[in-house]
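Colleague: Read in order, the letters of the sequence shown correspond to residues 57 to 482 in my numbering. Even glycine gets a Cβ: it sits at the ideal position worked out from N, Cα and C. My structure is below; once you've seen it, I'll send some questions.
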Amino acid sequence: MEAAHKKEAGKTAFAEYDYSNFYYGAGDDPLNLLKPFSEWYAEALPNGYYLYSEPLQTAPTTRVTVKNRKNGKLVDLLNLASYNYLGISYRPEVKQAAIAAIEKYGLGASGSPILSGTLDIHKELEDSVASFKDKEAAILFPTGYSANVGFISALMRAGDSILLDQYSHASIVDGAILAKSKTTFFRHNNPMDLERKLLKCTGKKLVVVEGVYSMDGDVCALPEIVEVAKRHGARILIDEAHSTFLFGQNGRGVAEHFGLDKEVDFHLGTFSKSLGGQGGFVCGSKDLIDYVNAFGRSRFFSCNLAPMIAAGLKAGLEIAENEPELRAKLWSNVAYMRRRFAEEGIDIGKSTSQVMPVLINNDARVFAVAEKIQDRGLYLQPVTYPAVPKHKSRLRISISAAHTEAELEFATQTIGSVLREEGIIQ
Ligand SMILES: Cc1ncc(COP(=O)(O)O)c(C=O)c1O
């Protein structure tokens with residue numbers, strides 16, 4: 057591996073490699089992994105990989121100040137990268153609630169939720185989430201990632217079958233690995249392929265889908281998937297990380313949007329996207345939540361959410377509930393951006409949501425294109441394998457209700473002009 061990398065080292069050799077080239081190393085020492093990777097990384101960084109983890113110096117509002125990792129300069133950019141879809145994370149009510157909680161409780165929960173780490177504010181947040189989602193009960197996890205890992209492994213065992221969309225988020229895949237069930241991937245959003253795979257499954261069956269797919273922005277074909285899953289006696293888990301608080305008449309998510317809230321068995325979400333906070337949750341019947349409380353290891357072997365986060369989330373949830381105009385503004389921004397991107401000939405694949413991939417489909421070029429766009433004032437992220445399949449690289453854009461049309465217009469024109477200069481569009 058090391059030799060191969062050195063042999064090809066040249067102007068663009070870094071782009072021939074991705075993390076998968078460095079999974080295995082020679083010899084018996086785990087430290088052998090480090091040198092080939094650090095040599096490649098040293099070359100990759102000045103070639104555009106530096107665009108990851110550039111420290112923001114401000115709140116994730118629509119304008120951010122970012123420290124350019126290449127030259128150390130602070131730059132003021134239009135933010136198209138944060139998940140703050142409703143602009144809630146920096147609302148004064150949210151900040152005040154978090155400040156009041158820190159005055160009352162101090163910094164952290166200082167304990168596991170099943171031991172000393174459950175505070176009244178956690179219970180209040182769980183009740184608010186359950187009521188918002190119109191379910192009997194809800195349970196908190198430290199992150200959305202741990203909600204998937206903990207919930208799936210709490211419910212499924214060796215000998216059972218888990219069916220995952222091929223574009224499932226890593227947290228869903230990791231939950232299935234931990235459950236040690238037989239895991240089968242079906243073609244993305246393809247109910248016919250799900251059916252073919254279900255026919256070969258044994259044991260308890262769980263189908264996992266996402267409301268909105270996080271890298272493509274397309275919406276789950278839920279009616280067809282529910283129909284197939286039910287016909288084959290499979291239960292359905294929907295991860296609404298990118299759709300809770302946005303879709304459906306009451307903002308409950310894609311299941312509500314399709315009128316299938318009751319048909320879907322398990323509902324999971326995160327607080328890190330539309331509420332701009334942190335944490336994950338599962339909601340459903342009281343029996344289900346009691347079971348998850350007892351078997352969700354990623355929850356109870358971890359400290360509970362910081363009380364200031366729980367308090368901020370409760371205030372954010374009230375905003376999401378009481379200000380449906382935020383959702384309306386988001387959807388009008390999405391419609392504006394979709395129309396303008398179409399007029400400019402910018403390909404966003406099958407996205408119909410606030411997550412828009414600008415498809416570059418060339419792992420070597422996506423960094424150069426992202427760098428040029430950032431130099432012209434936009435903060436957005438290049439995404440490559442393993443977050444998306446190889447050669448499906450893209451620039452990932454998140455639209456927020458907080459964006460103005462003038463900001464979205466500037467973004468469209470900037471992206472359009474760079475893609476034209478690069479010969480990616482006409
Ligand atoms: C579909 C999906 N599920 C779960 C997660 C994890 O959520 P969190 O960032 O809150 O851990 C993400 C995060 O991007 C996601 O896209």
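#1: Starting from the Cα of G405, find the closest Cα among S449, K370, G335 and give me that residue.
#2: How many angstroms separate the CA atom of I453 from the CA atom of E463?
#3: So what's I416 in DSSP terms, helix, strand or just coil?
#4: Would you identify the three-state DSSP class for T506, choosing helix, strand or coil?
#5: Could you name each continuous alpha helix (DSSP H) segment of 4 residues or more that falls completely within the region 222 to 288, going from the start of the chain to the end?
#6: Quick check on the DSSP output: the beta strand (DSSP E) that includes H323 runs from which residue to which?
#7: Any heavy atom of ligand 1 closer than 7 Å to the beta-carbon of A297?
#8: What three-state label does DSSP hand I488 in the structure shown?
#9: Looking at the structure shown, is G336 part of a helix, part of a strand, or coil, going by DSSP?
#10: Just to confirm my understanding: we take K370, look at its own chain, exclude 5 residues before and 5 after, and list those with CB closer than 8 Å. What are they?
#11: Please give the ranges of any beta strand (DSSP E) in the region 105 to 156, keeping only runs that are unbroken, at least 3 residues long and fully inside the region.
#12: Enumerate in chain order the residues of its own chain whose CB-to-CB distance from A499 is below 7 Å, with the five nearest sequence positions on each side excluded.
#13: Considering only their Cβ atoms, is the gap separating I208 from I195 smaller than 8 Å?
#14: For the pair the region 284 to 304 and the region 149 to 166, tell me if three or more CB-CB distances fall below 8 Å.
#15: Determine which residues share a DSSP beta bridge with R308 and list them.
#16: Among P438, V275, S456, which one has its Cα closest to the Cα of I471?
#17: In the structure shown, what three-state DSSP assignment does A376 receive?
#18: For I404, name the three-state secondary structure that DSSP assigns.
#19: Per DSSP, A194 is paired with what?
Modeller: On the basis of the supplied data:
#1: Answer by Cα proximity: S449.
#2: If I take the Cα positions, the gap works out to 13 Å.
#3: coil
#4: Residue 506 cannot be examined here, being either before or after the span of the chain that is shown, 57 to 482.
#5: 226 to 235, 247 to 254, 278 to 287
#6: 322 to 326
#7: A297 Cβ: within cutoff of ligand 1.
#8: Since the first and last residues shown for the chain are 57 and 482, residue 488 lies out of range.
#9: strand
#10: A153, I177, E180, L181, S184
#11: 119 to 123, 130 to 135
#12: Nothing in the structure corresponds to residue 499, since the chain is present only between 57 and 482.
#13: Between I195 and I208, the CB-CB gap reaches or exceeds 8 Å.
#14: Flag = no, the region 284 to 304 and the region 149 to 166 do not touch.
#15: Its beta-bridge partners do not exist; DSSP assigns none.
#16: P438
#17: helix
#18: coil
#19: C339
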